[in-house]
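Using our numbering, the letters of the sequence shown map in sequence onto residues 30 to 580. What follows is a single structure, written as structure tokens, with notes after it.
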Amino acid sequence: MNKAWWKNSVIYQIYPRSFADSSGDGIGDINGITEHLDYIKELGADIIWLSPVYQSPNDDNGYDISDYQEIMEEFGTMEDFDRMLAAMHERGLKLVMDLVVNHTSDEHRWFMESKKSRDNDYRDYYIWKEGKDGREPNNWGACFGGSAWEYDRETDMYYLHCFSKKQPDLNWENEKVRREVFDMMTWWCDKGVDGFRMDVISMISKDSAYPDGEADNGLYGNMSPYVCNGPHVHEYLQEMNREVLSRYNLVTVGEASGVTIEEAKKYANLDDTELNMVFQFEHTDITGGKHGKWTTERMELKKLRAVLNKWQTELEGKAWNSLYWDNHDQPRAVSRFGNDAPLYRERSAKMLATCLHMMKGTPYIYQGEEIGMTNAYFKRIEDYRDIESLNAFRDYTEKGLIDEEEMIYCLQAVSRDNARTPMQWDDSRHAGFTAGTPWIRVNPNYPMINVKAALEDPDSVFYYYQKLIRMRKEYEIVVDGIFKGLLEEDENIYAYERTLDEKRMLVACNFSEHEAACSLFEQEGGEELISNYKFHKTGILQPYEARVVLY
Ligand code: GLC
């Protein structure tokens, strides 16, 4: 058994609600995914990470689970799921499930019991506290707005919810909770799934003192220092590893809000006692500040480079990196880090792909990224569906912290809905996503940007991704080469080398729309592995040009 099969794999993320609707109800579903597996196979990805498909009242699109062993009705049935899994395995694709166990839905049986009385058998499955002076137990703000505590009149206590009030946090200190989670995971493993992406797993152990947080966004106290990387998190993950993970041949990635390099070395240690890798957030959190993530600020290359290089070099030999620009919580990469104007969209999408896929780690592709899908830029609040965006719009504008127009600009830049518009399959009505009315508007640029057009154009972003994925299989240096940052003062170019034995692979990406001087490729004898330009200029990288040369 090759334990590290996931090191030369590429993971494709599907957000089922927006991927493909087979039933015509306007909501993507499992059969829609099954119908498109050959597309993912053609791209060359090996593993599919599926955002949650479990039963859920959908307060947070499936990240609020009311039954871990049932499929959400809108998505289909367990038979559909089994058929999908078999179809993946027939094609040599592996399946990673989203494991959301920091919290459940408030409609989960455990919580409905827990709420009944102070002495219910399930009371201790969640985090209940007495109020303080007639108020919440502390000043923590929830990630989706408002207080992180919800008052329950019936039992005169508050429960903790780090996200929406319909997502009560599980109490991992309770051994029974851990047992339930491990049993449920085992059930999925026995069904044949190949791994887990663990939702906000860094938050499962809280500081038992529950102190007030620093009030930094003008609304509530910041709970992060007391809920991220808490006192028992590694203990719990080691237990999970012993009880479940080590018994199967899985790939695991922990979504680790607030993770530092030091913490990542523990979560993703090479002894394999916890997880295989983590998602860190430093490169997506560079912008933002006073109002949390809500800003229209553009990323500075200097800061981006510092973060990416740090993760590359400091995990070397200690832990394995995950590599991503995009997922269902982030705006579209080409809009955020590249340039989505028609002239530069494809070039900059390819440049970003080069930059990421040639680094050390396992790359993730979020549905639509491989055809260069862009932000939706919805102008009206009515078009947004995401609970985080809607609550933030309400909270910040009602309190007069950001005015409505400015807040719409912020949503256009960073709302999660930018990534959640339907997958653009072709230029027919609703981009071929549904025969009905889509649950969220399709990006109006679908007649131009869609899978069908990409597959017909040998020069498309799609085929470029396909080539990058193939390179990972063909060149050991892409998987194992040691990373070193180059041109670290350059304002436009992000460059690095990877070395393995006698080989040296040079990667340079121009992040700007201007020509930029670059003498890296002047030495003789290299073999160009990939570039988004057919012709190069001596001593220059053209706008958004990316080049990879092997010496
Ligand atoms: C993670 C998910 C996000 C979700 C949140 C709460 O960050 O990626 O979509 O809203 O956790 O489960």
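Built from N, CA and C at the ideal position, the CB exists for glycine as well.
{"query": "Please classify residue 538: does DSSP put it in a helix, a strand, or coil?", "result": "strand"}
{"query": "Whose C-alpha, out of 332, 348 and 323, is nearest the C-alpha of residue 430?", "result": "323"}
{"query": "When burial is assigned at 16 or more other CB atoms within 10 Å of the CB, is residue 162 buried or exposed?", "result": "exposed"}
{"query": "With 16 other CB atoms within 10 Å as the buried threshold, where does residue 297 fall?", "result": "buried"}
{"query": "Can you tell me where the beta strand (DSSP E) with residue 76 in it begins and where it stops?", "result": "76 to 79"}
{"query": "Within the present structure, is the beta-carbon of residue 192 separated from the nearest heavy atom of the ligand GLC by less than 6 Å?", "result": "yes"}
{"query": "Using a Cβ cut-off of 7 Å (strictly closer), state whether residue 357 contacts chain C.", "result": "In the structure shown, chain C cannot be found, because there is only a single protein chain."}
{"query": "Can you give me the start and stop residues for the alpha helix (DSSP H) that residue 119 sits inside?", "result": "107 to 119"}
{"query": "Measure the alpha-carbon distance for residue 138 versus residue 96 and round it to whole angstroms.", "result": "8 Å"}
{"query": "Please state whether the Cβ-Cβ distance between residue 173 and residue 420 is less than 7 Å.", "result": "yes"}
{"query": "Taking only heavy atoms of the ligand GLC into account, decide whether any of them is closer than 6 Å to the Cβ of residue 415.", "result": "no"}
{"query": "Please determine whether the Cβ atom of residue 188 lies at a distance below 6 Å from any heavy atom of the ligand GLC.", "result": "no"}
{"query": "Please state the DSSP three-state secondary structure of residue 350.", "result": "strand"}
{"query": "Where does residue 107 land, buried or exposed, given buried means 16+ other C-beta within 10 angstroms?", "result": "exposed"}
{"query": "Output needed for residue 438: all residues of its chain with C-beta closer than 6 Å, excluding positions within five of it in sequence on either side, in chain order.", "result": "325"}
{"query": "Could you compute how far the alpha carbon of residue 182 sits from the alpha carbon of residue 152?", "result": "15 Å"}
{"query": "Any contact between the segment 272 to 291 and the segment 369 to 389? By contact I mean 3 or more CB pairs, one from each, below 8 Å.", "result": "no"}
{"query": "Run the CB neighbour count on residue 337, radius 10 Å, all protein chains shown included, and call it buried at 16 or more, exposed below.", "result": "buried"}
{"query": "DSSP on residue 566, reduced to helix/strand/coil?", "result": "strand"}
{"query": "How many Å lie between residue 458 and residue 464 at the Cα?", "result": "8 Å"}
{"query": "How about residue 229: is its Cβ closer than 6 Å to a heavy atom in the ligand GLC?", "result": "yes"}
{"query": "What's the gap between the Cα of residue 98 and the Cα of residue 225?", "result": "15 Å"}
{"query": "Could you tell me if residue 46 is buried or exposed, where buried requires 16 or more neighbouring beta carbons within 10 angstroms of its beta carbon?", "result": "buried"}
{"query": "At which residue ranges does the segment 365 to 429 contain complete alpha helix (DSSP H) runs of 4 or more residues, listed in the order of the chain?", "result": "374 to 386 and 416 to 427"}
{"query": "Taking the beta strand (DSSP E) that residue 178 belongs to, which residues open and close that run?", "result": "178 to 181"}
{"query": "Spatial neighbours of residue 240 within its chain, please: CB distance less than 8 Å, with the 5 preceding and 5 following residues excluded, ordered by chain position.", "result": "167 and 255"}
{"query": "Beta carbon of residue 104, beta carbon of residue 82: below 7 Å?", "result": "yes"}
{"query": "Beta-carbon within less than 7 Å of residue 64's beta-carbon, same chain only, minus the 5 sequence neighbours each way: which residues are those?", "result": "49 and 51"}
{"query": "Measuring alpha carbon to alpha carbon, tell me which residue in 250, 318 and 398 is nearest residue 44.", "result": "398"}
{"query": "What does the alpha-carbon distance come out to for the pair residue 511 and residue 34?", "result": "19 Å"}
{"query": "Given residue 86, which residues of its chain have a CB within under 8 Å of its CB, disregarding the five upstream and five downstream residues?", "result": "93, 95, 134, 136 and 195"}
{"query": "Which whole-angstrom value is the C-beta distance of residue 236 and residue 259, which I expect to be below 8 Å?", "result": "6 Å"}
{"query": "Report the three-state DSSP secondary structure of residue 34 (helix, strand or coil).", "result": "helix"}
{"query": "Can you say whether residue 361 is buried or exposed, counting buried as having 16 or more other CB atoms within 10 angstroms of its CB?", "result": "buried"}
{"query": "Is residue 155 near the ligand GLC, in the sense that its beta carbon is under 6 Å from a heavy atom of that ligand?", "result": "no"}
{"query": "Expressed to the nearest angstrom, what Euclidean distance is found between the alpha-carbon atoms of residue 408 and residue 414?", "result": "13 Å"}
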